[in-house]
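For the sequence shown, the numbering used here gives the first residue as 75, with consecutive numbering after it.
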Amino acid sequence: LPHVEIVDMNAERANGNTSEFSEVLVHEIRHNLEAGEQTILLLNRRGYHTVISCAGCSSPVYCPNCSIPYTYHKANDSLVCHYCGSIAELPEKCPGCGGTVFKQMGFGTQKMEEQLEALFPDARILRMDADTTFSRYAYEKNFKDFADKKYDIMVGTQMIGKGLDFPDVTLVGIVTADKSLFSGDFRSYERTFSLITQVAGRSGRGGKKGRAYLQTFMPDHYVLNLAAAQNYAGFYKEEIALRKTLIFPPVCDICVIGISSVSDAAAAAASAVTLKIIKDVIKAEQIKFPLRVLGPVQSGIAKMNGKYRYRLILKCKNNKETRSFIRRVLLKTAEYREYSNVNIYADMNGDIV
75 LPHVEIVDMN
85 AERANGNTSE
95 FSEVLVHEIR
105 HNLEAGEQTI
115 LLLNRRGYHT
125 VISCAGCSSP
135 VYCPNCSIPY
145 TYHKANDSLV
155 CHYCGSIAEL
165 PEKCPGCGGT
175 VFKQMGFGTQ
185 KMEEQLEALF
195 PDARILRMDA
205 DTTFSRYAYE
215 KNFKDFADKK
225 YDIMVGTQMI
235 GKGLDFPDVT
245 LVGIVTADKS
255 LFSGDFRSYE
265 RTFSLITQVA
275 GRSGRGGKKG
285 RAYLQTFMPD
295 HYVLNLAAAQ
305 NYAGFYKEEI
315 ALRKTLIFPP
325 VCDICVIGIS
335 SVSDAAAAAA
345 SAVTLKIIKD
355 VIKAEQIKFP
365 LRVLGPVQSG
375 IAKMNGKYRY
385 RLILKCKNNK
395 ETRSFIRRVL
405 LKTAEYREYS
415 NVNIYADMNG
425 DIV
């Protein structure tokens, strides 16, 4: 197993280092380059700047189809929505206050690649994200080139974490290890632990001693410390206790009833009607099986692809009886003709964001 170390980025900032790379990670990358060994760096966010906002009112530039800010891509000097794929030019004026000065925030794989090129001008750097691996051929060719040592450093998103075996990779850096802890899904801790242990495990697979560095502003977070120790049993104990307390899988199943429409008012009204139908069916049929209903609330991303989104969460058991109940609820929602332009669906054990 590689030696894994947590790097406190708060201490880096206190010492005057405003870079996205800690001093120890820069030192270790330089050591690897001098030794002729390879490095993998994970940053699970593509693009250059992750947010462009008005310097006057601080309002981000949002995608008109989705309730999330655009990401700036320097390669084609444009704003890109990573959810619906829409592309826009940089605005001349803020739509909110009319300001003409914009500030850039955040850090994506494009910017990381650029900063590495400045730090290590002689290094051969490969960037692996959805912008550079748009086809299976490109994906496989890039990995083969890295395996053939045509590159010294691989920079990428989570696609670089699974199933890779490069004998000359002896250093892994996870640049923002804490970002995925707060995705809004109950599986976020599990996914963070899994991603960190998978990527860290890419180091030292060829007989040479491996090292991995987890950069974080939350160095005391138990998930990161258990991942650094590669303590699977310890993480399971903590996570299963949390799931039991909050009543989340595997203690139960989760059914998300999603409601979406181009009309926010229609989606909101349909979600309220759906809740009423659920309550009516429970009362009329004297439902006895375990069921807890939460919501309705707006989804974590309230608007996507031009549709406003609401959800109800049913904590239940995924069995024939429950599925039949959900089917009857959906059939009753279809009787409301005024909501014919509203999409109502059920997703068992899907993402709740």
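Idealized CB from N, CA, C, for every residue including glycine.
Backbone CA spacing between Pro364 and Met378 [nearest angstrom] = The sequence position of residue 364 within the sequence shown is 290, counting from 1. The sequence position of residue 378 within the sequence shown is 304, counting from 1. The C-alpha of Pro364 lies about 32 Å from the C-alpha of Met378.
ask   = Per DSSP, what kind of secondary structure is Gln112 in: helix, strand or coil?
value = In the sequence shown, the residue the question calls residue 112 occupies position 38. Strand.
request  = Could you check what DSSP says for Leu164 in three-state terms: helix, strand or coil?
outcome  = Indexing the sequence shown from 1 puts residue 164 at position 90. Coil, per DSSP.
request  = Pull up the distance between the alpha-carbon of Phe217 and that of Tyr410, whole angstroms please.
outcome  = Against the sequence shown, residue 217 aligns to sequence position 143. Against the sequence shown, residue 410 aligns to sequence position 336. In this structure, the alpha-carbon of Phe217 lies about 53 Å from that of Tyr410.
key: Limits of the unbroken alpha helix (DSSP H) element including Arg402   = As a first step, residue 402 must be located in the sequence shown, where it is residue number 328. First-last of the alpha helix (DSSP H) with Arg402: Lys394 to Thr407.
request  = Please state if the CB of Asp421 and the CB of Val330 are separated by a distance shorter than 7 Å.
outcome  = Walking along the sequence shown from the start, residue 330 turns up at place 256. Walking along the sequence shown from the start, residue 421 turns up at place 347. At the C-beta level, Val330 and Asp421 come within 7 Å of one another.
task = Check the C-beta distance from Tyr287 over to Glu79 and give it rounded, since I have them as a contact under 8 Å.
result = By 1-based counting over the sequence shown, the position of residue 287 is 213. By 1-based counting over the sequence shown, the position of residue 79 is 5. Confirmed, Cβ separation roughly 5 Å.
Element boundaries [alpha helix (DSSP H), containing Ala344] = If you number the sequence shown from 1, residue 344 lands on position 270. Asp338 to Ala358 is the extent of the alpha helix (DSSP H) around Ala344.
request  = Using three-state DSSP, classify His156 as helix, strand or coil.
outcome  = Reading the sequence shown from its first residue, position 82 is the one you call residue 156. If DSSP states are grouped into helix, strand and coil, His156 belongs with coil.
Endpoints, the alpha helix (DSSP H) within which Ile142 is located = The residue given as residue 142 occupies position 68 in the sequence shown. Note, Ile142: premise wrong, no alpha helix (DSSP H); not H, not E.
inquiry  = Below 8 Å on the Cβ atoms is my contact criterion, and I expect Arg279 with Val243 to pass it. Report the Cβ-Cβ distance as a whole number of Å.
reply    = As a position in the sequence shown, residue 279 is number 205, starting the count at 1. As a position in the sequence shown, residue 243 is number 169, starting the count at 1. Yes, they are in contact, since the Cβ atoms of Arg279 and Val243 sit about 7 Å apart, within 8 Å.
task = With DSSP as the reference, please indicate the residues paired to Pro241 in a beta bridge.
result = Taking the sequence shown and counting its residues from 1, the one referred to as residue 241 is at position 167. For Pro241, which the question treats as bridged, DSSP gives no partner whatsoever.
query = Cβ of Asp252 within 7 Å of Cβ of Thr290?
reply = Taking the first residue of the sequence shown as 1, we reach residue 252 at position 178. Taking the first residue of the sequence shown as 1, we reach residue 290 at position 216. Result yes, Cβ atoms of Asp252 and Thr290 sit closer than 7 Å.
inquiry  = Considering Cα atoms alone, identify which of Gly121, Lys391, Asp219 and Pro293 is closest to Glu187.
reply    = Within the sequence shown, numbered from 1, the residue matching residue 187 stands at position 113. The shortest C-alpha separation from Glu187 is found at Gly121.
query = Considering only the beta carbon of each residue, do Ile82 and Pro370 sit closer than 7 Å?
reply = For the purposes of this step, residue 82 is taken as the residue at position 8 of the sequence shown. For the purposes of this step, residue 370 is taken as the residue at position 296 of the sequence shown. Checking the displayed sequence, the identity of residue 82 turns out to be Asp instead of Ile. Going by C-beta atoms, Asp82 is not nearer than 7 Å to Pro370.
ask   = Skipping 5 residues on each side, what residues in its chain have a beta carbon closer than 8 Å to that of Ile375?
value = Locating residue 375 in the sequence shown gives position 301, counting from the first residue. Closer than 8 Å at Cβ, skipping near neighbours: Cys140, Ser141, Ile142, Tyr157, Arg383 and Val427.
query = In whole angstroms, what is the alpha-carbon distance linking Asn393 and Asp327?
reply = Locating residue 393 in the sequence shown gives position 319, where the first residue counts as 1. Locating residue 327 in the sequence shown gives position 253, where the first residue counts as 1. Each residue's Cα considered, the two are about 9 Å apart.
inquiry  = My assumption, with CB atoms under 8 Å, is that Cys128 sits in contact with Cys171. Please give the rounded CB distance.
reply    = As a position in the sequence shown, residue 128 is number 54, starting the count at 1. As a position in the sequence shown, residue 171 is number 97, starting the count at 1. Indeed, because the Cβ distance is near 6 Å, the residues count as touching under 8 Å.
query = Around the C-beta of Glu97, are 16 or more other C-beta atoms found within 10 angstroms, so that it is buried, or is it exposed?
reply = Along the sequence shown, read from residue 1 onward, the residue named residue 97 stands at position 23. The residue is exposed, with fewer than 16 neighbouring Cβ atoms inside 10 Å.
message = Between the region 184 to 204 and the region 220 to 229, can you find at least three pairs of beta-carbon atoms closer than 8 Å?
response = yes
task = Could you check what DSSP says for Ile418 in three-state terms: helix, strand or coil?
result = The residue labelled residue 418 in the question sits at position 344 within the sequence shown. Ile418 falls in the strand class under three-state DSSP.
ask   = How close, in whole Å, do the beta carbons of Ile418 and Ile333 come, if the pair is a contact with beta carbons under 8 Å?
value = By 1-based counting over the sequence shown, the position of residue 418 is 344. By 1-based counting over the sequence shown, the position of residue 333 is 259. About 5 Å separates the two Cβ atoms, so the contact holds.
query = Going along the chain, which residues of its own chain have a beta-carbon closer than 8 Å to the beta-carbon of Ser429, five neighbours each way excluded?
reply = Past the boundaries of the shown model lies residue 429; the chain is included only from 75 to 427, so the question cannot be answered.
task = Could you give the DSSP three-state label for Ala149: helix, strand or coil?
result = Walking along the sequence shown from the start, residue 149 turns up at place 75. The answer is coil: DSSP assigns Ala149 none of H, G, I, E or B.
ask   = Which ranges would you report for the alpha helix (DSSP H) in the region 276 to 339 if only whole runs of at least 4 residues count?
value = Restricted to the region 276 to 339, the alpha helix (DSSP H) segments that are unbroken, complete and at least 4 residues in length are 296 to 302 and 306 to 320, listed in chain order.
ask   = Going by the beta-carbon positions, is the gap between Glu94 and Phe208 smaller than 7 Å?
value = Counting from one through the sequence shown, the residue named residue 94 turns up at place 20. Counting from one through the sequence shown, the residue named residue 208 turns up at place 134. Result no, Cβ atoms of Glu94 and Phe208 do not sit closer than 7 Å.
request  = Measure the C-alpha to C-alpha separation of Asn415 and Val336 and round it to an integer number of angstroms.
outcome  = On the sequence shown, position 341 is the one that residue 415 refers to. On the sequence shown, position 262 is the one that residue 336 refers to. Each residue's Cα considered, the two are about 8 Å apart.
query = CB Phe267 to CB Ala301, shorter than 7 Å?
reply = The residue labelled residue 267 in the question sits at position 193 within the sequence shown. The residue labelled residue 301 in the question sits at position 227 within the sequence shown. Between Phe267 and Ala301, the gap from beta carbon to beta carbon is short of 7 Å.
key: Range of the contiguous beta strand (DSSP E) that encloses Tyr384   = Within the sequence shown, residue 384 is the residue found at index 310, counting from 1. Segment Lys381 to Cys390, the beta strand (DSSP E) holding Tyr384.
key: Host beta strand (DSSP E) of Phe176 (start-end)   = Mapped onto the sequence shown, residue 176 falls at position 102. Phe176 -> beta strand (DSSP E) spans Phe176 to Met179.
request  = For the alpha helix (DSSP H) containing Lys377, list its first residue and its last residue.
outcome  = For the purposes of this step, residue 377 is taken as residue 303 along the sequence shown, with counting starting at 1. Unbroken run through Lys377 is the beta strand (DSSP E), Arg366 to Met378; no alpha helix (DSSP H).
ask   = Hey, is Ile142's beta-carbon within less than 7 Å of any beta-carbon in chain D?
value = Protein chains in the displayed structure number just one, and chain D is not present.
query = Taking the Cβ atom as the reference point for each residue, do Phe176 and Ile126 lie within a distance shorter than 7 Å?
reply = Position 102 of the sequence shown, counted from the first residue, corresponds to residue 176. Position 52 of the sequence shown, counted from the first residue, corresponds to residue 126. Against a cut-off of 7 Å, the Cβ pair of Ile126 and Phe176 comes out as a contact.
Spatial distance of Ala303 from Lys167 (CA atoms) = As a first step, residue 303 is located in the sequence shown; it is residue number 229 there, counting from the start. As a first step, residue 167 is located in the sequence shown; it is residue number 93 there, counting from the start. Cα-Cα distance, rounded: 49 Å.
request  = Hey, could you find the ends of the alpha helix (DSSP H) Asp219 is sitting in?
outcome  = Counting from 1 along the sequence shown, the entry for residue 219 is found at position 145. Asp219 -> alpha helix (DSSP H) spans Arg210 to Ala221.
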